[in-house]
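Residue numbers (our numbering), protein chains in the order written: chain B, 1 to 766; chain X, 767 to 1014.
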């Protein structure tokens, strides 16, 4: 129904929420029969240029185990100045400052258009943002030079009052003292010896008051910036730090033939985390680790220094032949959890031709909301621009990064929270809204997201707990409230509150209405995140079987068909794209790991479980647009039949942008027709996909790879491997039609998949 | 910002396979926070579910349009026939680099908006002494209140900048944009000056990294000064001299 599309879009635009179902089944039993759980994608800090924050504290429900925030769903008695909490029904008096409110003079938080509202609050003195660079010096000269330049450049991009620090590592780990004058000093640590947080702080001289007043000038009592010689305001140390960076040398320890450099990544990170723990706990901070190869010594090592022992592959892992995997993963998980507890995030910028150990280290970013960027070299546009975009600003000129986020979810009593999947950790907050069925990070109604951007999106899973045949709750609507507290990049503390509601419906009598409220795009993504979450702990084939089973059940429930007659099978419009999403998800690098290295897989999954809906869908099922003389650019089926000689195709997989010129177009281009004035329309045709590609290239984080290819080109494989192989060398001549390009593969095609699906869905034996 | 500052360079194909093109700082910042065009996010359901008989994808153009190239198989259709219903893009000012990106009508492309009256400046070669004089004016104004070490550090970098310019080590865009920067400094447009410094360090880091941080610091310190200090007799005097180094 067109109206549901609009409803869904309006809600996403205003609240950053997309539910799988927009009418909720009123009993637990019926909810399980719907196959896709009641769940949503939630973007806590969705860009809202039209939403000015209010400068007062939110009003809370006074019940101790509720504390929901006043919102447009609450009943209000303006004369008695009392409001009723819509979650627990407690009646609360308004605070004295609300004495003047009336139904013609409402506070913003009661108005329906402010279902999402942001408060600026005072919570102690403002604390600066902190950026701690952790830099690998075991790089090739060209790479080190490019990295140094990028770091020097970044000093001009940092928020002006930010604190900055530098740790370099190779065989040893050096913590650099940043002073404004005199000789630069550094503290050197062995790269093999594990130290406790306390030991690190002692060795850096941070644990006693002798550390303060070091510079010989009077210390402001509450000024943490003075007490730490290793984390100084960038506006004070920028010149010295620029010189220090400029003078960085490659790790001086010689690397013998046949060996890898000794890289003490594990100790370097442990020192970084310990340093921040000791000096700035519970403040927004970002550890930014730049590395050009795998950790090869000390705790957290991923591979030894002998080049003849390659870094673990999927084959090694399945054969249980990855010596360091478990221990290294455990080591980094412990570090990640310590950082997360303190609200510190960890970014990994890994540039190398071989793997760098992202499989083991990914938790550092996944648990803290930090970034992972993966490239071939620091001297590439992909790294340089991805890194620049970390510091990008929004329409208001403010940085697109937020720190120290905590998300709390409240639900009306018919609904409970099963869990969340995304870049977060549990805060283990107990409460009445917690479901016993854990999904993702569950057992809590509060999560910590140490670093957030306007696109950071969590998938949240709910459970309907109403008993079957219990009457539909009074008022007929269920509600969910999301409360996100965070530190804005301008150091203000803010609270964003989003309160949403959906109608309950009796699945027995209203199944068609519930069906038309299905958001197939949101459902595809929440199911995909579930699949990826499972794939991290289960065997791959089990996840595929589970995914298939859910799809078949959904088709059995909602398909229109005559029993045992596959040709009669139809799906309504609200579900028509869903099977295709599942088909492409099964083939995607998120679930088909063997085409990619373990590091690549970790990289893809890292981005998949944090992006917003539109980008997530692109990752599941790449976008394909066709450009031709026959009309304006149009979306086409991701199918080999879309590859035609007189078309240019633009494919967006999120990680790659491919522009593919059909055979005839390629010939015309080679002949140079675009240079001739009478063929100017051909020139425009060639440029059109470049224009659209440029917009994507300029905005996406991380920067995608860019492939310009044509029929017969070696890079055409990127397109050919993504399109469904509807014509293979097996069935080319049985089609009887010669449109499209044959693909040489034995993958199952969409047609075969759909035929099987229809057969299974209509079968009375199921 | 001049039109020449909005450019796209190819990526480093030697170090990174399929390295994407590199956008200048000006293009990047214009794209962020600007209104987006209609995103490419539409999909097409497979025909099996909508009831059409066989999958001939991309077949949504009308049946009157032939699937094979028109009359002359060796050439594309010339402009006079089959002109697609697309508006002719606005011709772009000369863009550096190997990719020709035409500026199209929708707002996000700043190329048209930013060719302002100062475009005449882009033809003339800026004068090194003018630029250095203005930088030293600002430094002199800072000397009374800003720490000596800092001022000397800045002075050192300004000298390096001047030397690099005079020995021909700085490209024209850098020289031109530094001229623009000092003009903004002179007019006390601190944010504009700051933005130019940022654009320069992003777009030309290998030319400017050694000394640009001194300029950055100079802008930061000068903007914090009591405005009276910007026009004391010593300071104004420094504006008139054409001497270069100015140390205490």
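No residue lacks a Cβ here, since even glycine has one placed at the ideal position from N, Cα and C.
#1: From the DSSP output, read off the bridge partner residues of residue 17 of chain B.
#2: In this structure, how does DSSP classify residue 748 of chain B when only helix, strand and coil are distinguished?
#3: Since residue 126 of chain B and residue 457 of chain B are thought to touch, with beta carbons under 8 Å apart, how far apart are those beta carbons, to the nearest angstrom?
#4: What residue range is occupied by the uninterrupted alpha helix (DSSP H) comprising residue 906 of chain X?
#5: Around the C-beta of residue 954 of chain X, are 16 or more other C-beta atoms found within 10 angstroms, so that it is buried, or is it exposed?
#6: Would you list, in sequence order, the uninterrupted beta strand (DSSP E) runs of no fewer than 3 residues that lie entirely inside the segment 300 to 359 of chain B?
#7: Quick one: residues in its chain with C-beta nearer than 6 Å to the C-beta of residue 480 of chain B, no 5 flanking neighbours on either side, listed in chain order?
#8: Give, in chain order, every residue of the segment 261 to 290 of chain B whose Cβ lies closer than 8 Å to some Cβ of chain X.
#9: Have a look at the DSSP bridge pairing and note the partners of residue 289 of chain B.
#10: Using the three-state DSSP reduction, which class does residue 555 of chain B fall into: helix, strand or coil?
#11: Quick check: what's the CA-CA separation for residue 711 of chain X versus residue 248 of chain B?
#12: Which residues in chain X sit within 9 Å of residue 52 of chain B, going by Cβ to Cβ distance?
#13: Return the residues of the segment 912 to 941 of chain X that lie within a Cβ-Cβ distance of less than 7 Å from chain B, sorted by chain order.
#14: Measure the C-alpha to C-alpha separation of residue 416 of chain B and residue 34 of chain B and round it to an integer number of angstroms.
#15: On the three-state DSSP scale, how would you describe residue 794 of chain X?
#16: So, does the segment 459 to 467 of chain B touch the segment 378 to 395 of chain B, judging by three or more C-beta pairs under 8 Å?
#17: So, do the segment 30 to 44 of chain B and the segment 61 to 72 of chain B have three or more beta carbon pairs nearer to each other than 8 Å?
#18: Could you tell me the boundaries of the alpha helix (DSSP H) in which residue 526 of chain B lies?
#19: Spell out the partners DSSP gives residue 501 of chain B in its beta bridges.
#20: Would you tell me roughly how many angstroms separate the C-alpha atoms of residue 904 of chain X and residue 931 of chain X, rounded to the nearest one?
#21: Per DSSP, residue 441 of chain B forms a beta bridge with which residues?
#22: Could you name the residues of chain B that residue 1005 of chain X contacts, counting a contact when the two beta carbons are closer than 7 Å?
#23: Measure the C-alpha to C-alpha separation of residue 316 of chain B and residue 331 of chain B and round it to an integer number of angstroms.
#24: Hey, would you say residue 399 of chain B sits closer than 7 Å to residue 489 of chain B, going by beta carbons?
#25: Going by Cα to Cα distance, which pick from B/585, B/45, B/15 and B/454 is closest to residue 535 of chain B?
#26: With DSSP run on the structure shown, which of helix, strand or coil describes residue 686 of chain B?
#27: Would you grab the beta carbon distance between residue 132 of chain B and residue 272 of chain B for me? Rounded to a whole angstrom, and I think it's under 8 Å.
#28: Have a look at residue 617 of chain B and residue 68 of chain B and give me their C-alpha separation to the nearest angstrom.
#29: CA-CA distance, residue 553 of chain B and residue 424 of chain B?
#30: Should residue 756 of chain X go down as buried or exposed, given a rule of 16 or more other Cβ atoms within 10 Å for buried?
#31: When Cβ atoms are compared, which residues of the segment 120 to 151 of chain B fall closer than 7 Å to chain X?
#32: So for residue 655 of chain B, helix, strand or coil by DSSP?
#33: If you follow the alpha helix (DSSP H) that residue 278 of chain B is part of, which residue opens it and which one closes it?
#34: So, at 8 Å on beta carbons, what are the nonlocal neighbours of residue 698 of chain B in its own chain, with the 5 sequence-adjacent residues on each side left out?
#35: Check the DSSP bridge columns for residue 196 of chain B and list the partner residues they point to.
#36: If you drop the 5 nearest sequence neighbours on each side, which residues of the same chain put their C-beta closer than 7 Å to that of residue 307 of chain B?
Let's see:
#1: B/42
#2: coil
#3: In fact, because the Cβ distance is near 28 Å, the residues do not count as touching under 8 Å.
#4: 894 to 908
#5: exposed
#6: 344 to 351
#7: 411 and 500
#8: none
#9: B/134 and B/348
#10: helix
#11: Here chain X covers residues 767 to 1014 and nothing more, so residue 711 of chain X does not appear.
#12: Those do not exist, as residue 52 of chain B stays about 16 Å from chain X at its closest Cβ, beyond 9 Å.
#13: 915 and 919
#14: 17 Å
#15: helix
#16: no
#17: no
#18: 520 to 537
#19: B/479
#20: 19 Å
#21: B/420
#22: The premise fails here: residue 1005 of chain X is roughly 25 Å from chain B at the closest Cβ pair, so nothing lies under 7 Å.
#23: 20 Å
#24: yes
#25: B/585
#26: helix
#27: 6 Å
#28: 33 Å
#29: 31 Å
#30: What is shown of chain X runs 767 to 1014, which leaves residue 756 of chain X out entirely.
#31: 149
#32: coil
#33: 265 to 279
#34: none
#35: For residue 196 of chain B, which the question treats as bridged, DSSP gives no partner whatsoever.
#36: 258, 259 and 260
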